[in-house]
Amino acid sequence: MSLAKRTIVIFCILGFMIGMLTVAGGDVAAQTVTRQTTVVMQYTEYLWWLIRFSDNQILCQIAVDHEGPPTVREVGLACGSDLANQWWTTPPCNPKKPINRCEGVYIYQAASTPKEREVLVTLPSPMVWVTLEGCSPTPPENLCAELPSLVLTGEEPLPDERIIAIQGIFDGQLFYCEGDICKLPLKTTPPQGITIEFWADSSYGDSSEHFTAHVRVLDSGVSPAPGGAGWYVDVISSQWQGEPLASCARIWEAFPPAGTPPNWLSTPDHFELLASGDPYYYLAGRLISQGVVDASICPNNGLLPNGYTDACGLEAARPLVEDWQNQFDNRIIEAANETGVPAQLMKNLFAQESQFWPGMYRVPFEFGLGQLTDHGVDAVFLWNPSFFQQFCPLVLSEYACSRGYLSLSQDEQAILRGALALQARTDCPDCPTGIDLTNTFFTVSLFANTLQANCAQIARTIFTATGQMAGRLATYEDLWRLTIANYHAGPGCVSFAIHQAWQTAQTLSWDVVSTRFTEPCQGVVPYVEQITR
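Numbering (our numbering), first residue to last: 113 to 645.
What follows is the structure in C-alpha cells.
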C-alpha cells in the first residue's frame, strides 16, 4: 500500500473514531458549558439609620432592597449582633416623654434611591420527553394492538437555539438521531423490561441531563383487534407524557402486574364497584352509642363493654352500617386518581384501621379513617415533599417552609404536626353522629398522600440495605405489602426485616421479609394479609 493510501486510511479511521466519540460522549464536553447570563435589574435601595435616643447619634446605616423596616438579621449583618439585639429589645418610646429621655435605639428611614444591579441568571436547560407512536395505552392494562415506537422529543427553551440531536443507549446499544425527534421501534422485552438512557444536544453548545426510561413490552396472549395480537406496553420515566403513571410505580421503578391487577390493587371506574357490605361490629356499636341506630330490642341496647356490639345490635344497625362504609367510596376513587394509590387498597386499609369510624378507635390520639398518628404525620412531611410544600405555608412562614421539614426547629415541627393532626381529627360533639363528615372526606386525600410518602420511605430503605432500586429486587405487589407494613408498624420494624432478609437470603419477597420481623412487630403480618387478601 502506498504512503498516500495509508495516510487516507488512517485519516478515515481517525475520522470515524472521532465521530463515534462524538456520538457516545460528545455531550460530556457540551455539559461543561454553563447556561448563565447576566441581566440588569432595577430596584430601589432604602437607607435606614440606627440612632441612639439619648443623643440622637447615628450608630449604623442599613441598606435594604425591600419596602418596610429591615429585619433583625439585616440589622445584625450591617451593625453587628449587639446593636441588633439592642434595637430588638428597645421598648417603644412614650410619645409624652422627650425623645432624649428614652432608652435604647431606634431606626429611621433616611433615603430611598433608584438603582441598578447585574444579576447572574441560570437559563433553563434543554429537555427530552417520552411518548409512544402507534398506540396510546390506557392503564391499568396498557394493551396495544401493534408494537409501537418509543418517541423521544427534544425541547430547547431558549429562543434562537435548537435541538441538534438526540442520542443515548438503547438495550446496551448506542443510538443517534439528528434533529429534535428520535423514534425507536419497540420489540418484546424480558419480563423485567429494559432501560433506555437518553439526552439531547443543543446548538447552544451543551446537552440536557441524562434521562432514563424503563420499558416493558410483553405479548399479552390476547387479540385486542380481530385477527391481531396484543402487547402490554409499560413505560416508567420522569419524562413520560402519556397516561399518568401510578406514583409509587415510578418511585420504585417497578412495573405493575401485566394486564389486570389483583383486586386489592385496583381502582374501579365507578364508585358502585367499590361497594362492600361487611359486618363491622365496632362501627355498629358506635352508631348505636351515638343514638343514630335504635337497638332497644337488644339486651343492653346491643352494646358490649369494649364499645363493640353483639349480633343483635349488628342486625339492628346492618342497613346503616352498609350505607356508612360506602359513603366515602367516590372520594376514595378521586384520591386514587389524584395520587396513584389504589382505591381498593385504601378502602381495605380503612376497614382494618377504623372500621370506617373516623373518630378515636382502639388507641387514643389516632385520628381519621386511617388512624393517623404523630409518627405518620412525620412520614408524610419527610417523604412527600410536594405535600409538605403545599401544607406548610398554611401554618408557618414561607421562609421557614422553604428550608424543608428537617431544617425546621423542633417547636416548628411540633406546630406543623399538630396542625395536620387537627385536620385529621373528625370528632365533633355538636354533630348529629358525633363525627364531622365534611372533614372526614377531606382526610381521604391526606391518607392517600401518607401512603405515597410510605412508598418513598420503602424505596429509600431498600436502597440503603442493598444499593439497588426497589423495583429491581421486589415485585410491585410485594412493595405495596412492605409499604402497608411500614404504614402500620413503622420504619423501625420494616427496616430491620428488610436488612435481615437481604443479608440472609438475598431476596426481598414478602414471603421472606415477613419471617424476619422481630416478635414485637409480628402482628403486622396478619394485618398486611388481611388488607391484601
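Idealized CB from N, CA, C, for every residue including glycine.
Which residue's Cα is closest to the Cα of residue i: the options?
i	options	result
Pro260	Gly414, Thr573 and Gly342	Gly342
Val263	Thr234, Cys294, Phe554 and Gln580	Cys294
Gly371	Val329, Glu253 and His487	Glu253
Phe440	Pro238, Val345, Gln456 and Thr595	Gln456
Ala577	Gly604, Ile610 and Ile596	Ile610
Phe323	Glu355, Ile278, Pro302 and Ala358	Ile278
Glu631	Ser237, Gly604 and Arg443	Gly604
Gln198	Ile211, Asn442, Ile219 and Phe554	Ile219
Thr225	Val233, Gly192, Thr156 and Tyr599	Thr156
Thr550	Gln535, Leu563 and Thr562	Gln535
Glu273	Met239, Trp364 and Thr300	Met239
Asn442	Trp469, Phe468 and His382	His382
Gln285	Pro302, Thr243, Ile308 and Leu270	Ile308
Asn375	Gly192, Pro411, Pro454 and Pro236	Pro454
Val242	Ile596, Asp346 and Pro638	Asp346
Ile400	Thr379, Cys424, Asp283 and Ser388	Cys424
Tyr639	Ala223, Ile596 and Ala361	Ile596
On the DSSP bridge list, what partners appear for residue i?
i	result
His326	Thr307 and Ile348
Val176	Tyr158
Pro297	Ser261
Gly266	Val240
Cys289	Ile278
Val151	Val231
Ile547	Asp539
Gln221	Trp160
Asp313	Ala277 and Ser319
Ala170	Residue 170 is actually Ile in this sequence, not Ala. According to DSSP, Ile170 bridges with Ile163.
Thr421	Leu415
Pro603	DSSP lists no partner for Pro603.
Leu484	Phe479
What do you get for residue i, buried or exposed, if any count of 16 or more other CB atoms within 10 angstroms of its CB means buried?
i	result
Trp200	exposed
Arg213	exposed
Glu179	exposed
Met153	exposed
Val231	exposed
Gln642	exposed
Leu518	exposed
Val151	exposed
Asn496	buried
Met132	Confidence is the limiting factor: at Met132 the pLDDT is only 39, short of 50, which leaves the residue's position unreliable, though a coordinate-based value still follows. By the neighbour-count rule (16 or more Cβ atoms within 10 Å), Met132 is not buried but exposed.
Phe499	buried
Lys459	buried
Ser408	exposed
Gly635	exposed
Leu189	exposed
Leu563	buried
Glu384	exposed
Leu520	buried
Tyr392	buried
Gln437	buried
Arg645	exposed
My guess is that residue i and residue j are in contact by the Cβ rule of under 8 Å, so how many angstroms apart are they, rounded?
i	j	result
Asp94	Gly333	Since the first and last residues shown for the chain are 113 and 645, residue 94 lies out of range.
Val217	Leu195	7 Å
Ala613	Arg628	5 Å
Ala447	Tyr588	Actually they do not touch by this definition, with Cβ atoms about 20 Å apart.
Gln351	Ala325	7 Å
Ile570	Ala560	At roughly 16 Å, the Cβ-Cβ gap does not stay under 8 Å, so Ile570 and Ala560 are not in contact.
Ser314	Ile281	Going by Cβ atoms, the distance from Ser314 to Ile281 rounds to 19 Å, so no, they are not a contact pair.
Leu416	Ala396	Leu416 to Ala396, Cβ: 11 Å. No contact.
Glu465	Ser557	In fact, because the Cβ distance is near 16 Å, the residues do not count as touching under 8 Å.
Leu377	Ile444	14 Å between Cβ atoms; not a contact.
Thr538	Gly471	6 Å
Gly419	Ser248	Contact doesn't hold; Cβ gap of about 51 Å is too wide.
Gly452	Leu357	7 Å
Asp390	Ala463	7 Å
Ile363	Ala568	5 Å
Leu159	Ala222	5 Å
Taking only heavy atoms of the ligand NAP into account, decide whether any of them is closer than 6 Å to the Cβ of residue i.
i	result
Trp200	The ligand NAP is absent from the structure shown, which contains no ligand whatsoever.
Sufficient close CB pairs (3 or more, under 8 Å) joining the stretch 501-514 to the stretch 477-485: no
Given 8 Å, three or more beta-carbon pairs between the stretch 145-153 and the stretch 310-326: yes
The stretch 393-410 in contact with the stretch 535-548 per 3-pair CB rule at 8 Å: yes
Cβ pair count under 8 Å reaching 3, the stretch 427-439 against the stretch 522-532: no
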